[in-house]
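Note sheet for the following structure.
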């Protein structure tokens with residue numbers, strides 16, 4: 003973030019945040035680092051590296067966050083290799099860091115590249131606030147060009163993706179947990195780790211039951227990190243984080259009903275399509291897959307209702323052509339009706355909302371818009387509210403990916419669409435659209451799969 007943008011928006015943070023949704027082009031800057039980062043970027047100097055144990059917690063963490071490889075054959079039989087975690091990252095290998103304290107004494111950083119735990123500290127006295135919790139922080143990068151204009155918002159959406167993936171993975175392994183976005187808890191945790199983590203804002207804490215934990219024991223001599231490469235300091239982002247800390251928020255939800263996770267395969271995750279060109283067109287549109295996906299999604303979302311009660315999901319699908327033509331549907335999260343039916347609408351109109359022309363709306367079977375009751379076009383919102391809504395959008399997007407992936411569909415995230423035009427097309431008033439997902443069925447095959455390293 004260059005100094006001119008910082009000076010322009012430092013006294014008007016709301017305008018900057020609004021522009022990340024409705025006017026990202028004016029925030030664009032060419033100032034970014036072109037050099038490639040070390041794969042250990044963000045991994046801190048530590049007292050030793052430990053293997054993960056065979057506990058359910060370790061397996062869930064590997065599943066949710068470890069960097070995996072998948073191959074996808076596309077276009078002219080060329081094979082494209084991607085080394086990504088199973089989270090819908092908006093453009094960085096480590097947009098977040100995960101820390102874990104199993105016992106209130108040993109404090110670890112998880113290394114997703116190697117699937118290991120780095121011991122950062124060992125407290126003399128047990129820290130009650132840190133007992134058996136995950137701490138998820140933001141880690142800002144300057145070298146990815148996307149971050150020069152989406153910036154702060156993108157990092158928050160990525161955090162939501164990660165929370166959704168970790169929550170799903172914990173559910174698959176039968177681990178009940180609590181997602182906490184609470185200012186008072188964050189303040190208490192910060193006091194305990196202030197000597198360890200200084201420049202990374204805490205975004206989410208996930209609490210585990212006291213009787214389910216992992217205990218890394220086998221130290222790896224050759225994996226010791228000697229250099230502390232930390233997050234980049236971006237003054238405007240730091241100012242936003244500082245102000246949001248002064249605005250108290252208290253949101254949490256307990257994930258206790260694990261019945262919807264039992265049928266998910268614990269050794270593979272479906273992932274977002276890495277680019278618009280990889281979307282698969284299925285000419286035989288089948289309503290069956292979408293019905294199953296949305297039923298699955300709705301059941302999964304019940305666990306998160308206290309956190310997501312102000313969110314909205316709008317679906318425009320070609321799968322219903324045989325009935326009434328493309329329609330707009332609003333998923334009712336709290337009611338018995340699966341859809342709220344609305345007026346007939348043409349998908350062709352939505353080509354005009356794309357800022358970039360790498361996706362052809364006509365070649366995708368469904369559009370899923372994610373929105374909120376918050377009106378970010380006005381000045382009447384708090385920075386903390388903005389942060390929370392972006393995180394929740396990422397969480398829902400990740401759950402959608404899982405639900406639709408189970409039914410042979412690929413989702414591709416689009417953050418760079420024209421939100422204002424889309425809101426008019428959907429006839430939304432005093433609500434904000436924050437995210438778009440294009441959905442494609444896979445023709446005659448299952449979607450790309452992600453596997454644990456070594457499987």
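Residue numbers (the numbering used here): 3 to 457.
All C-beta atoms, glycine included, are put in the ideal place defined by N, C-alpha and C.
None of these values were measured; they are calculated from a predicted model.
DSSP state of residue i mapped onto helix, strand, coil
i: residue 196; result: coil
i: residue 376; result: coil
i: residue 414; result: strand
i: residue 294; result: helix
i: residue 388; result: helix
i: residue 266; result: coil
i: residue 8; result: helix
i: residue 317; result: strand
i: residue 258; result: coil
i: residue 180; result: strand
Buried versus exposed call for residue i [16 or more other C-beta atoms within 10 Å across all chains shown]
i: residue 176; result: exposed
i: residue 47; result: exposed
i: residue 382; result: exposed
i: residue 368; result: buried
i: residue 197; result: exposed
i: residue 155; result: buried
i: residue 389; result: buried
i: residue 14; result: exposed
i: residue 439; result: buried
i: residue 220; result: exposed
i: residue 137; result: buried
i: residue 394; result: buried
i: residue 432; result: exposed
i: residue 56; result: exposed
Beta-carbon proximity list for residue i, same chain, < 6 angstroms, skipping 5 on both sides
i: residue 253; result: 183, 309
i: residue 263; result: 173, 174
i: residue 386; result: 246, 249, 251
i: residue 125; result: 107
i: residue 391; result: 374, 376
Closest residue to residue i among the options (Cα-Cα distance)
i: residue 212; options: 384, 24, 439, 59; result: 59
i: residue 366; options: 375, 373, 353; result: 353
i: residue 426; options: 10, 50, 257, 24; result: 24
i: residue 412; options: 156, 115, 258, 402; result: 402
i: residue 296; options: 409, 260, 372; result: 409
i: residue 54; options: 113, 407, 7, 391; result: 113
i: residue 142; options: 136, 134, 131, 161; result: 161
i: residue 44; options: 103, 434, 122, 107; result: 122
i: residue 164; options: 63, 420, 259; result: 63
i: residue 178; options: 419, 317, 258, 66; result: 258
i: residue 261; options: 300, 435, 66; result: 300
i: residue 132; options: 356, 117, 193; result: 193
i: residue 294; options: 404, 433, 206; result: 404
i: residue 208; options: 51, 168, 27; result: 168
i: residue 441; options: 16, 370, 399; result: 370
Test: residue i CB closer than 7 angstroms to a CB of chain D
i: residue 383; result: Absent here is chain D; the protein component of the structure consists of one chain.
Near the ligand HEM: residue i beta-carbon under 6 angstroms from a heavy atom
i: residue 53; result: Inclusion of the ligand HEM in the displayed structure is not the case, the ligand content being empty and no account of it being possible.
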